[in-house]
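Participant: If you're matching them up, the sequences are chains A and B in order.
Going by our numbering, the first sequence opens with residue 8, and the numbers climb by one from there.
Going by our numbering, the second sequence opens with residue 8, and the numbers climb by one from there.
Where a beta carbon is used, it is the ideal one built from N, C-alpha and C, also for glycine.
First, the structure itself, so that you have it in front of you.
Number of protein chains: 2
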Amino acid sequence: MTVPSGPVSATTETERLMFEFVDAYERAFEAAAKEHGLSPAHACVLGRLDSVRGMGELSDELGCDASNVTQIVARLEARELAVRQANPDDRRFRQIQRTTAGDAVYAAFEESFDFPRRAVANLTTKEQRQLATLLGKSLAVKERGA
Amino acid sequence: MTVPSGPVSATTETERLMFEFVDAYERAFEAAAKEHGLSPAHACVLGRLDSVRGMGELSDELGCDASNVTQIVARLEARELAVRQANPDDRRFRQIQRTTAGDAVYAAFEESFDFPRRAVANLTTKEQRQLATLLGKSLAVKERGA
DNA sequence: TATTGTTATACTCTATAACTATA
DNA sequence: TATAGTTATAGAGTATAACAATA
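This is the structure:
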């Protein structure tokens with residue numbers, strides 16, 4: 008189990024609940040991945056392979072180094088959950104995709120990772136819309152610089 | 008940068024925003040820790056040392072193995088950010104606490120980790136209360152078993 | 001003997017730097 | 001020469017199992 012991101016001496020109840028939510032989400036993700044023999048990183052990459060992807064694309068989205076993605080994908084390939092093929096138009100590029108087995112494992116993982124579904128299910132339709140609006144508004148923080 | 012927990016093919020906008028929020032929170036935590044030469048795990052443990060703590064207490068709260076905490080605390084001690092002392096009443100127990108230097112580093116980290124503060128600042132007081140209520144309600148998922 | 005914590009070990013995640021293959 | 005990706009390597013996080021110290 009990865010140690011949680013926090014707590015910081017939360018000054019408000021809202022901040023405390025943000026941390027609790029993030030912590031619960033992460034723990035649930037990790038536990039669901041483990042159920043299917045996946046590390047969080049493997050589950051994450053597998054989830055991005057809904058369509059054919061390039062290595063650079065993946066490392067950009069994941070915000071991590073390309074060499075890291077190479078290793079994760081190499082393991083997925085070794086387990087026959089994904090394959091890498093050179094792009095015939097420019098053989099420097101690789102095309103990564105899930106195998107049928109990868110599809111099955113990922114579907115099973117998603118079934119296990121019920122935290123977001125259950126969290127939403129605890130709310131009325133109106134509350135779900137409210138929560139989405141508030142989260143979106145709070146995330147505007149990202150745009151404000153720093 | 009740790010790879011994000013997701014995405015899972017989010018079926019609703021609310022679920023998608025939950026992931027985005029968690030992802031942004033984690034990235035901000037990791038970046039703030041790095042600014043002060045801390046790993047996320049170090050920042051996390053340091054944050055728990057606001058008062059004197061035991062090793063078992065820490066591993067319980069962190070949801071990870073005791074041997075893991077031993078290593079993290081050993082590094083904090085090597086950097087003179089924390090100290091371990093045997094409890095004189097029962098020398099099997101250790102009392103972990105931050106040093107003055109540890110206090111300073113953690114305070115600086117908290118100053119840098121402004122994501123929750125800024126997220127809250129994007130909301131009105133009423134919206135903050137609403138968000139806290141909705142997050143709390145969605146987290147009831149934890150109590151429902153599984 | 002039971003409990004607290006540590007050490008030894010192994011595996012994964014991650015990044016940096018050097019490298020290969022392709023263009 | 002420039003770009004996409006890989007390999008070599010090293011450091012940190014994590015868990016399991018064996019261990020030491022204390023009770």
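Give a yes or no on whether 8 Å exceeds the smallest Cβ distance from Leu83 (chain A) to chain B.
Facilitator: Output row for Leu83 (chain A): interface = no.
Participant: Could you run through the region 52-66 of chain A and flag, in chain order, every residue whose CB is less than 9 Å away from some CB of chain B?
Facilitator: Per Cβ criterion, the list reads Val52, Gly54, Arg55, Asp57.
Participant: Among all the DSSP beta bridges, which residues are the ones paired with Val90 (chain B)?
Facilitator: Paired residues: B:Gln104.
Participant: Within 10 angstroms of the Cβ of Thr21 (chain B), are there 16 or more other Cβ atoms? Answer buried if so, exposed if not.
Facilitator: That one is buried.
Participant: From Glu27 (chain B) to Arg99 (chain B), what distance separates their C-alpha atoms?
Facilitator: Computed Cα separation, rounded: 44 Å.
Participant: Can you give me the Cβ contacts of Leu65 (chain A) inside the same chain, cut-off strictly under 8 Å, excluding the 5 residues immediately before and after it?
Facilitator: The answer, listed in chain order, is Val52, Arg55, Val76, Val80, Ile103.
Participant: Nearest CA to the CA of Arg154 (chain A): which residue from A:Ala85, A:Ser145, A:Arg91?
Facilitator: Only positions 8 to 153 of chain A appear in this structure, which leaves residue 154 (chain A) out of reach.
Participant: With 8 Å set as the bound, which would you pick, yes or no: does the beta-carbon of Leu138 (chain A) sit closer than that to a beta-carbon of chain B?
Facilitator: Yes, Leu138 (chain A) counts as interfacial toward chain B.
Participant: Unbroken alpha helix (DSSP H) runs of length 4 or more, entirely within the region 26-64 of chain A: which are they?
Facilitator: Listed in chain order, they are 47-55.
Participant: Is there a Cβ of chain A sitting closer than 8 Å to that of Ala108 (chain B), yes or no?
Facilitator: Taking Cβ atoms only, chain A never reaches closer than 8 Å to Ala108 (chain B), which makes this a no.
Participant: Would you call the region 126-140 of chain B and the region 124-132 of chain A touching, i.e. three or more CB-CB distances under 8 Å?
Facilitator: No, the region 126-140 of chain B is not in contact with the region 124-132 of chain A.
Participant: Sorted by chain position, which residues of the same chain lie with C-beta nearer than 7 Å to Asp121 (chain B)'s C-beta, five sequence neighbours on each side aside?
Facilitator: Nothing meets the Cβ criterion.
Participant: Select from A:Pro11, A:Glu37, A:Asp67 the residue whose C-alpha is nearest the C-alpha of Met25 (chain A).
Facilitator: Per the Cα distances, A:Pro11.
Participant: Sorted by chain position, which residues of the same chain lie with C-beta nearer than 6 Å to His43 (chain B)'s C-beta, five sequence neighbours on each side aside?
Facilitator: Correct list, in chain order: Val112, Ala115, Phe116.
Participant: Does DSSP classify Asp97 (chain A) as helix, strand or coil?
Facilitator: In this structure, Asp97 (chain A) counts as strand in the three-state DSSP scheme.
Participant: Using 10 angstroms around the beta-carbon of Thr18 (chain B), count the other beta-carbons present and answer buried if the total reaches 16, otherwise exposed.
Facilitator: With fewer than 16 Cβ atoms within 10 Å of its Cβ, Thr18 (chain B) is classed as exposed.
Participant: Roughly how many angstroms separate the alpha carbons of Ala126 (chain A) and Thr107 (chain A), rounded to a whole number?
Facilitator: Taking the straight line from one Cα to the other gives about 30 Å.
Participant: Taking Ser12 (chain A) as the query, report the chain B residues whose CB atoms sit under 7 Å from its CB, ordered along the chain.
Facilitator: Those within 7 Å of Ser12 (chain A) in chain B are Tyr32, Glu33, Phe36, Pro47, Cys51.
Participant: Taking all protein chains shown into account, do 16 or more other C-beta atoms lie within 10 angstroms of the C-beta of Ser145 (chain B), making it buried, or fewer, making it exposed?
Facilitator: Under this definition Ser145 (chain B) is a buried residue.
Participant: For Asp110 (chain B), does the three-state DSSP call read helix, strand or coil?
Facilitator: Helix at Asp110 (chain B).
Participant: I'd like to know if Gly152 (chain B) contacts chain A, where contact means its C-beta is closer than 8 Å to some C-beta of that chain.
Facilitator: In this predicted model, Gly152 (chain B) has a pLDDT of only 42, less than 50, meaning its place in the structure is not dependable; the value taken from the coordinates is given anyway. For Gly152 (chain B), the answer is no, since every Cβ of chain A falls outside 8 Å of its Cβ.
Participant: Taking 8 Å as the threshold (C-beta atoms), are Ala48 (chain B) and Gly63 (chain B) in contact?
Facilitator: Cβ atoms of Gly63 (chain B) and Ala48 (chain B): not closer than 8 Å.
Participant: Quick one: measure Cβ to Cβ for Leu141 (chain A) and Leu69 (chain B), integer angstroms, because I've assumed they're closer than 8 Å.
Facilitator: No, Leu141 (chain A) and Leu69 (chain B) are not in contact; Cβ-Cβ is about 29 Å, not under 8 Å.
Participant: Tell me which residue opens and which closes the alpha helix (DSSP H) that Gly143 (chain A) is part of.
Facilitator: 132-145 is the extent of the alpha helix (DSSP H) around Gly143 (chain A).
Participant: Does DSSP put Thr155 (chain A) in a helix, in a strand, or in coil?
Facilitator: Summary: the structure shown does not reach residue 155 (chain A), with chain A confined to residues 8 through 153, and so no result is reported for it.
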